[in-house]
Amino acid sequence: TYNYILANDIVLNDVELTYDANGTLTVDATTLNQWTPINGFRGIFNGNNFTVSGVYVNTTSSAGFFANCRGDVSNLTITNSYIKGGSQVGGICGSFNETGKDMTNCYFDGAVVGTSSVGGLIGSNNTTNISNCGNYGDVWGTGDYVCGIVGSFYAYGIDNCFNEGNIYSTGNYVAGIAG
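Counting from 17, one number per residue, gives the positions in the sequence shown under the numbering used here.
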């Protein structure tokens, strides 16, 4: 329930996190610092227009910079990152579920890999407004709801957002913005 403001760029891994055409990491994972996604975040996270780079996550559960977010997130850019999980996987939030909260001015560049409800920014979103955000990364999913901004999206709005990444899925409800 606290509020946070980044004061500098943060580099979690100082190597390029490359991946192949199937979304498989091509860097030796044993040399990487693994990020533990923040779970149950409630508060305000203001990236202050700084960048977090080198985020590496490899799990079978919900994943992202935040696994589950219930607060406001703004002005955050995550680059050169590889986030792999099960269901509800996003470059910034695996799931974002709190009425009246917002994600604004957030960007992701890297790879997001999961099963279902996989998105460049958010895997699953039920009640959050998303505005002025973009995805430059590639997104892979083996199930349904695989999209550039939000994998599965049930309510509220998406305003002035874009996707420039590639989307790969064999499931249903695959789209550039939201499923």
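Where is the CB? At the ideal position from N, CA and C, for every residue including glycine. Only a predicted model underlies this, so the values are computations on that prediction, with no experimental measurement involved.
Practice item. Take aspartate 36 and list the residues in its own chain whose beta-carbon comes closer than 6 Å to its own, dropping the five residues that flank it on each side. Key: Thr42
Exercise for review: Following the continuous beta strand (DSSP E) through tryptophan 156, name the residue where it begins and the one where it ends.
Suggested key: 154-157
**Study point:** Whole-angstrom distance between glycine 192 and valine 134, CA atom to CA atom
**Key:** 12 Å
Check your understanding: Distance, Cα to Cα, threonine 34 vs threonine 144?
Key -> 31 Å
Point to revise | Pairwise C-alpha distance: isoleucine 94 and asparagine 151 | key: 10 Å
Point to revise | Cα-Cα separation between valine 105 and isoleucine 21, rounded to whole angstroms | key: 24 Å
Practice item. Using 10 angstroms around the beta-carbon of tyrosine 161, count the other beta-carbons present and answer buried if the total reaches 16, otherwise exposed. Key: buried
Exercise for review: Measuring alpha carbon to alpha carbon, tell me which of Thr115, Val89, Gly159 ends up nearest asparagine 65.
Suggested key: Val89
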